[in-house]
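Enquirer: Sharing a structure with you now.
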Amino acid sequence: MSAPRPISKLLVANRGEIAVRVIRAAHEQGLRTVAVYSDADRTSLHVRMAHEAYRLGPPPPSASYLRIDLILEAARKSGADAIHPGYGFLAESAEFVEAIQEAGLIYVGPPASAMRAMGDKISARATVETSGVPLVPGATLTDVSDAAACRATADGVGYPLLVKASAGGGGKGMRLVRESAEVTGAIKRASGEALTAFGDGTVYLERFIEEPRHVEIQILADDHGTTIALGERECSVQRRHQKVIEETPSPAVDETLRAKMEAAAVACAESCGYRSAGTVEFLVGADRAFHFLEMNTRIQVEHPITELRYGVDLLAEQLRIAQGLPISFAGELPTPAGHAIEVRICAEDADHGFMPSTGTLGAVHLPGGPGVRCDGHVHFGQVVGLDYDNLLLKLIVHADSRGAAILRMKRALWETRLPGLTTNIPLLLRTLDDERFVSGNYDTSILDDSAAPEPDADDIMPVIAAALAMHRRIKKTHVPPSTASTQPSPWVAAGRSWWRR
Amino acid sequence: MARRGTRYYVQWAGEERVVEIRGGQAGLEVLVDGTVYPADVAAVENGDLLNLLVDGQSATYAVRFEDGAAMLSFHDREVRVPIEDERGRMARLATGGSRSGGADSEVKSVMPGVVKELLVAPDQPVQAGQALLILEAMKMENEIRAPREGVVERIHVEAGQAVEKGAQLVSLAPL
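Protein chains in written order, with the numbering used here: chain W, 1 to 501; chain Z, 502 to 676.
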């Protein structure tokens with residue numbers, strides 16, 4: 001079938017792993033690709049993978065990846081006929097969609113009207129309420145200056161409650177409040193953070209469901225009247241309200257619950273005239289009752305687990321739908337098979353408050369072998385700073401059973417080496433060994449008490465490893481330059497300067 | 502008679518272990534508290550990783566040295582191992598310095614950011630884990646907490662101030 005709105009050249013308005021993922025999908029469709037970059041990303045992988053690349057500006061997102069005018073200018077210069085937003089940055093900006101369409105280009109994503117209806121938590125609730133989808137109690141605060149009024153509104157929602165930024169997501173500005181006495185301070189801080197991050201200080205208060213599981217449904221909708229659901233993703237392993245491990249199917253969802261949640265997600269998408277790939281997020285309580293949380297009007301970070309279990313390519317479907325084509329398998333839904341798990345490897349110190357870590361990557365080693373997929377943007381010599389999100393790499397595995405998938409992920413993580421940065425790999429490995437995770441009986445609190453094991457006096461490896469490393473360092477400084485190793489890496493230099501001090 | 506090798510003093514699991522390394526070209530002999538371990542270490546991946554074989558057990562790790570400790574990153578864990586050689590040890594003993602003394606009485610910034618809000622005042626007693634200040638970085642507001650109980654001796658920063666990684670934030674004195 002020939003496309004009513006054919007795309008020949010796609011601009012990817014993003015960076016990092018999702019820019020790489022979109023470029024891969026586009027290349028498999030035979031499209032030309034255009035990257036955009038900030039000064040911090042001149043040498044990044046997406047710039048090198050795309051056929052063309054255009055500079056946006058300095059590193060801060062407000063001067064680069066959030067500049068609609070500069071992105072449209074790059075599209076004009078390159079002659080791109082479509083723009084994919086990835087996730088984050090402008091991915092949920094209706095204004096961006098409209099600007100693209102006014103320029104006569106195709107936006108690879110939902111219509112601005114659907115984004116407006118679902119992108120904001122308040123209007124999303126109003127929209128889905130009419131379709132009978134169950135909601136969590138909540139309220140909006142646009143003006144946070146009157147402490148007494150804020151507190152009264154919060155008391156109306158009930159405790160415990162979450163305070164979060166009304167715009168955007170990703171856990172920014174989010175706080176848990178258990179008592180009325182603490183709520184005004186939390187609202188003030190969340191509003192300040194929201195203002196910094198999104199330019200909008202509006203906060204949303206939401207009743208906190210105890211022992212909740214975070215389960216979401218993937219949907220796809222095309223211009224030909226088809227809206228389908230592709231099962232759930234279990235996203236309950238979170239730190240600071242950000243997902244760390246996702247799996248499908250969810251150990252908490254049986255066929256009956258899945259059918260109900262899929263129907264609710266489809267109703268939700270249809271209620272706002274949705275097109276493209278989207279995700280409807282639910283909280284599932286200990287009683288297996290589910291509540292609508294929000295709809296993400298974009299591709300999700302964790303989309304690959306759905307791809308592996310259903311044997312589909314969600315990015316390719318997005319590109320088809322954007323061109324006016326029907327979903328490729330709309331006539332016959334793919335049969336799900338096996339179990340898929342994704343972990344997010346981030347540059348952070350999980351044992352010290354998840355503080356982001358920075359540095360220069362050495363020789364990166366990525367896992368291979370059966371059933372393992374790496375979606376990342378890491379490379380030798382990559383400088384990881386604080387300008388952007390600290391996600392480095394996603395590992396996704398697929399196997400016949402959940403048990404086999406866990407074993408496969410553990411061996412894949414064991415193989416992964418990212419020297420030069422502190423990462424959350426130790427946390428991921430011990431979570432995969434956590435008996436709550438292994439049993440499948442876990443909720444969003446699973447990481448709250450996770451701690452590195454105490455050193456074992458009988459374990460002699462670290463003692464010898466430290467001594468030999470120092471010995472090598474010292475001996476190396478005594479070796480004549482001609483026989484010394486040619487190029488000391490950054491940490492060798494760091495070690496030496498410490499030694500010489 | 503065995504020639505005396507180079508000695509390193511390593512803190513591990515609350516104990517000091519003395520590691521002696523002998524030999525050179527033909528291979529190394531490693532003694533830990535007098536017990537001999539057959540060991541071999543080889544640089545791999547452009548020198549960014551070391552592969553260690555101890556009595557047939559294999560471990561590959563990255564290492565960097567900071568504040569008198571080796572930060573070792575193995576496949577599945579990252580550990581901090583305080584270590585000194587003989588020269589460092591003698592220099593320290595000569596000046597009467599204690600090993601990693603008062604290390605956690607100084608609260609430092611682990612990343613660049615901006616101090617958003619101070620939550621404690623000088624002379625205020627604090628519990629271990631109590632929030633001392635809010636540091637904004639990566640667009641997140643991070644609570645910087647007390648590593649142990651104590652009294653706030655000095656606050657080195659003020660609200661609105663930008664700080665570098667490693668900057669002193671708060672000094673704690675014992676209760």
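Where a beta carbon is used, it is the ideal one built from N, C-alpha and C, also for glycine.
Please work out which residues of its chain come closer than 6 Å, Cβ to Cβ, to Leu220/W, disregarding the five sequence neighbours upstream and downstream, and give them in chain order.
Expert: On the first sequence, residue 220/W is found 220 positions in, with the first residue counted as 1. Ile228, Ala277, Glu317, Ile327.
Enquirer: According to DSSP, is Gly192/W helix, strand or coil?
Expert: In the first sequence, the residue the question calls residue 192/W occupies position 192. In the structure shown, Gly192/W sits in a helix (DSSP, three-state: H, G or I).
Enquirer: So what's Glu211/W in DSSP terms, helix, strand or just coil?
Expert: Residue numbering aside, residue 211/W sits at position 211 when the first sequence is read from its first letter. The answer is coil: DSSP assigns Glu211/W none of H, G, I, E or B.
Enquirer: Excluding the 5 residues preceding and the 5 following Val343/W in the sequence, name in chain order all residues of the same chain whose CB lies nearer than 6 Å to its CB.
Expert: Looking up residue 343/W in the first sequence gives position 343. So the list reads Ile245, Leu395, Leu428, once near-sequence residues are dropped.
Enquirer: Distance check for Leu176/W and Arg189/W, CA to CA, integer angstroms please.
Expert: Counted from its first residue, the first sequence places residue 189/W at position 189. Counted from its first residue, the first sequence places residue 176/W at position 176. Cα-Cα distance, rounded: 12 Å.
Enquirer: Under 8 Å, Cβ to Cβ, is there at least one residue of chain W near Gln558/Z?
Expert: Position 57 of the second sequence, counted from the start, is the residue given in the question as residue 558/Z. Output row for Gln558/Z: interface = yes.
Enquirer: State the CB to CB distance for the pair Arg116/W and Leu447/W, rounded to an integer number of angstroms; the pair is presumed to be in contact (CB under 8 Å).
Expert: Mapped onto the first sequence, residue 116/W falls at position 116. Mapped onto the first sequence, residue 447/W falls at position 447. Between Leu447/W and Arg116/W the Cβ distance is about 34 Å, and since that is not below 8 Å, they are no contact.
Enquirer: For Trp513/Z, which residues from the same chain have a beta carbon less than 7 Å from its beta carbon, with the 5 sequence-adjacent residues on both sides left out?
Expert: Residue mapping note: residue 513/Z aligns to position 12 of the second sequence, counting from 1. Taken in chain order, the residues that qualify are Val582.
Enquirer: Quick check: the Cα distance between Arg151/W and Ile83/W, rounded to an integer number of angstroms?
Expert: The residue given as residue 151/W occupies position 151 in the first sequence. The residue given as residue 83/W occupies position 83 in the first sequence. Approximately 43 Å, taken between the alpha carbons.
Enquirer: Per DSSP, what are the beta-bridge partners of Lys609/Z in this structure?
Expert: Working through the second sequence from its first residue, we reach residue 609/Z at position 108. Answer by DSSP bridge pairing, in chain order: Gln669/Z.
Enquirer: What residue ranges within the region 304-365 of chain W form continuous alpha helix (DSSP H) runs of no fewer than 4 residues, ordered along the chain?
Expert: The qualifying runs are 314-322.
Enquirer: How big is the Cα-Cα spacing for Phe89/W and Pro61/W?
Expert: The residue labelled residue 89/W in the question sits at position 89 within the first sequence. The residue labelled residue 61/W in the question sits at position 61 within the first sequence. One C-alpha to the other measures close to 8 Å.
Enquirer: Could you check whether the Cβ of Glu179/W sits closer than 8 Å to any Cβ belonging to chain Z?
Expert: Position 179 of the first sequence holds residue 179/W. With 8 Å as the cut-off, Glu179/W does not count as an interface residue toward chain Z.
Enquirer: With respect to the beta strand (DSSP E) encompassing Val12/W, which residues constitute its N-terminal and C-terminal limits?
Expert: For this step, residue 12/W is matched to residue 12 along the first sequence. Taken as a continuous stretch (DSSP letters only), the beta strand (DSSP E) holding Val12/W covers 9-12.
Enquirer: Rank Leu529/Z, Met612/Z, Asp586/Z by C-alpha distance to the C-alpha of Glu348/W and give the top, closest one.
Expert: The residue you call residue 348/W lines up with position 348 of the first sequence. Glu348/W has its Cα closest to that of Met612/Z, out of Leu529/Z, Met612/Z, Asp586/Z.
Enquirer: Cβ closer than 7 Å: which chain Z residues qualify as neighbours of Leu429/W?
Expert: The count along the first sequence starts at 1 and reaches residue 429/W at position 429. Near Leu429/W (Cβ distances below 7 Å), the residues of chain Z are Asp577.
Enquirer: Taking Ser180/W and Ala154/W to be in contact with their CB atoms under 8 Å, please state how far apart those CB atoms are, rounded to whole angstroms.
Expert: As a position in the first sequence, residue 180/W is number 180, starting the count at 1. As a position in the first sequence, residue 154/W is number 154, starting the count at 1. 7 Å between Cβ atoms; contact.
Enquirer: Which first and last residues belong to the alpha helix (DSSP H) in which Ser113/W is found?
Expert: Taking the first residue of the first sequence as 1, we reach residue 113/W at position 113. Per DSSP, Ser113/W belongs to the alpha helix (DSSP H) from 112-119.
Enquirer: If you reduce the DSSP assignment to three classes, tell me which class Asp39/W lands in.
Expert: As a working mapping, residue 39/W is identified with position 39 in the first sequence. In the structure shown, Asp39/W sits in a helix (DSSP, three-state: H, G or I).
Enquirer: Consult DSSP for His471/W and reduce its assignment to one of helix, strand or coil.
Expert: Position 471 of the first sequence, counting from 1, holds the residue named residue 471/W. Helix, per DSSP.
Enquirer: How would you label Thr256/W, buried or exposed, when you count the other beta carbons within 10 angstroms and need 16 or more for buried?
Expert: For the purposes of this step, residue 256/W is taken as residue 256 along the first sequence, with counting starting at 1. Exposed, since its Cβ has fewer than 16 Cβ neighbours within 10 Å.
Enquirer: For the region 366-379 of chain W against the region 430-442 of chain W, do three or more pairs of beta-carbon atoms, one drawn from each stretch, fall closer than 8 Å, so that the two count as touching?
Expert: Because the criterion of three Cβ pairs below 8 Å is not met, the region 366-379 of chain W and the region 430-442 of chain W do not touch.
Enquirer: Please report the straight-line C-alpha distance between Glu234/W and Gly185/W, rounded to a whole angstrom.
Expert: By one-based count along the first sequence, residue 234/W stands at place 234. By one-based count along the first sequence, residue 185/W stands at place 185. Taking the straight line from one Cα to the other gives about 32 Å.
Enquirer: If distances are taken between C-alpha atoms only, which option among Leu551/Z, Gly557/Z, Asn552/Z, Lys609/Z comes closest to Pro539/Z?
Expert: As a position in the second sequence, residue 539/Z is number 38, starting the count at 1. Among Leu551/Z, Gly557/Z, Asn552/Z, Lys609/Z, the Cα nearest to that of Pro539/Z is on Gly557/Z.
Enquirer: Expressed to the nearest angstrom, what Euclidean distance is found between the alpha-carbon atoms of His303/W and Ile321/W?
Expert: Sequence index remark: in the first sequence, residue 303/W carries index 303 (1-based). Sequence index remark: in the first sequence, residue 321/W carries index 321 (1-based). C-alpha separation (whole angstroms): 17 Å.
Enquirer: When you compare each of Val463/W, Asp443/W, Asn296/W to Gly285/W by their alpha carbons, which one comes out closest?
Expert: Along the first sequence, one-based indexing puts residue 285/W at 285. Of the candidates Val463/W, Asp443/W, Asn296/W, the one whose C-alpha sits nearest the C-alpha of Gly285/W is Asp443/W.
Enquirer: Counting pairs of Cβ atoms below 8 Å between the region 645-659 of chain Z and the region 619-633 of chain Z, do you hit three or more?
Expert: Output reads yes: the region 619-633 of chain Z touches the region 645-659 of chain Z.
Enquirer: Can you check which of these residues, Glu516/Z, Ala663/Z, Arg655/Z, is closest to Val616/Z by C-alpha distance?
Expert: Your numbering for residue 616/Z matches position 115 in the second sequence. Selected option, being the one with the closest Cα: Ala663/Z.
Enquirer: Whole-angstrom Cβ separation of Thr305/W and Ile425/W, contact assumed at under 8 Å?
Expert: On the first sequence, position 305 is the one that residue 305/W refers to. On the first sequence, position 425 is the one that residue 425/W refers to. Note on identity: in this sequence residue 305/W is Ile, with Thr being the wrong assignment. The Cβ separation is near 19 Å, so there is no contact.
Enquirer: Per DSSP, which one or two residues make a beta bridge with His291/W?
Expert: Working through the first sequence from its first residue, we reach residue 291/W at position 291. Bridge partners of His291/W: Leu283/W.
Enquirer: Of all the residues that make up the region 447-473 of chain W, which are near chain Z by a beta-carbon distance shorter than 9 Å?
Expert: Under the 9 Å Cβ criterion, the region 447-473 of chain W contributes Ala452, Pro453, Glu454, Pro455, Asp456, Ala457, Asp458, Asp459, Ile460, Met461, Pro462, Val463, Ile464, Ala465, Ala466, Ala467, Leu468, Ala469, Met470, His471, Arg472, Arg473.
Enquirer: Using a C-beta to C-beta distance shorter than 7 Å, which residues of chain W count as neighbours of Pro613/Z?
Expert: Working through the second sequence from its first residue, we reach residue 613/Z at position 112. Chain W residues near Pro613/Z: Leu386.
Enquirer: For Ala25/W, tell me which candidate among Arg15/W, Val36/W, Tyr37/W, Leu10/W has the shortest Cα-Cα distance.
Expert: Taking the first sequence and counting its residues from 1, the one referred to as residue 25/W is at position 25. When only C-alpha atoms are compared, the closest one is Leu10/W.
Enquirer: Can you give me the Cβ contacts of Glu281/W inside the same chain, cut-off strictly under 6 Å, excluding the 5 residues immediately before and after it?
Expert: Along the first sequence, one-based indexing puts residue 281/W at 281. So the qualifying residues of the chain are Glu216, Leu293, Glu294.
Enquirer: Closest by CA to Pro367/W, which one among Glu415/W, Pro249/W, Asp200/W?
Expert: For this step, residue 367/W is matched to residue 367 along the first sequence. Considering only alpha carbons, the answer is Glu415/W.
Enquirer: For Asn424/W, which three-state DSSP category applies?
Expert: Position 424 of the first sequence, counted from the start, is the residue given in the question as residue 424/W. Here Asn424/W sits in coil by DSSP.
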